[in-house]
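In this note's numbering, the protein residues as written are 352 to 495.
In structure tokens, the structure reads:
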């Protein structure tokens, strides 16, 4: 089963938009709440920089995906390997968010909504990472 160039580009652009939305949610909702977390055992001084790293890497992944859509019109070795690597990075970022969401579940009622938001962001990251890997191999090949 092969995809057309248009459908693969639309899927990749949709994934790029989802990644940007996750980065915005983390930056505007999660990080301010984590900064003000006063639960016993909370360590915002260590958690906030980790979330900013996650936001930065998500934005880098979204940028790489957008560049691949703009520059690459068909499957090539470079575009396939780039999408696979970016997909793996996004999967790992999603797993890091699952870990953070699990940790914040025990921080009391004030952090329950943040924990839920982190689980949603993690699910989006994992879905996007898998989609990158699938689309990387289903894009139409270069015709010689």
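Backbone N, C-alpha and C define an ideal beta-carbon position, used for all residues, glycine too. Just so it is clear, the structure is predicted and the values come from calculations on it, not from any experiment.
Cross-strand partners of residue i (DSSP beta bridge)
i	result
residue 426	492
Cα-Cα separation, residue i to residue j
i	j	result
residue 393	residue 458	8 Å
residue 410	residue 377	11 Å
residue 406	residue 380	12 Å
residue 443	residue 383	23 Å
residue 373	residue 430	23 Å
residue 514	residue 447	Here the chain has residues from 352 to 495 only, and residue 514 is not among them.
residue 481	residue 465	24 Å
residue 563	residue 402	What is shown of the chain runs 352 to 495, which leaves residue 563 out entirely.
residue 370	residue 388	25 Å
residue 422	residue 461	45 Å
residue 420	residue 478	18 Å
residue 471	residue 375	13 Å
residue 485	residue 397	35 Å
residue 432	residue 408	18 Å
residue 399	residue 483	27 Å
residue 449	residue 357	33 Å
Beta-carbon proximity check, residue i vs residue j, cutoff 7 Å
i	j	result
residue 565	residue 439	With the chain covering 352 to 495 only, the question about residue 565 has no answer from this structure.
residue 385	residue 395	yes
residue 476	residue 441	yes
residue 367	residue 417	yes
residue 490	residue 359	yes
residue 445	residue 413	no
Within the segment 354 to 404, note down every full alpha helix (DSSP H) run reaching 4 residues or more, in order along the chain.
As far as the segment 354 to 404 is concerned, its whole alpha helix (DSSP H) runs of at least 4 residues are 356 to 376 and 382 to 386.
Segment contact flag, the segment 421 to 431 with the segment 448 to 456, C-beta cutoff 8 Å, min 3 pairs:
Flag = no, the segment 421 to 431 and the segment 448 to 456 do not touch.
Alpha helix (DSSP H) segments (min. 4 residues) lying fully within the segment 409 to 461
With a minimum length of 4 residues, the continuous alpha helix (DSSP H) runs that stay inside the segment 409 to 461 are 428 to 455.
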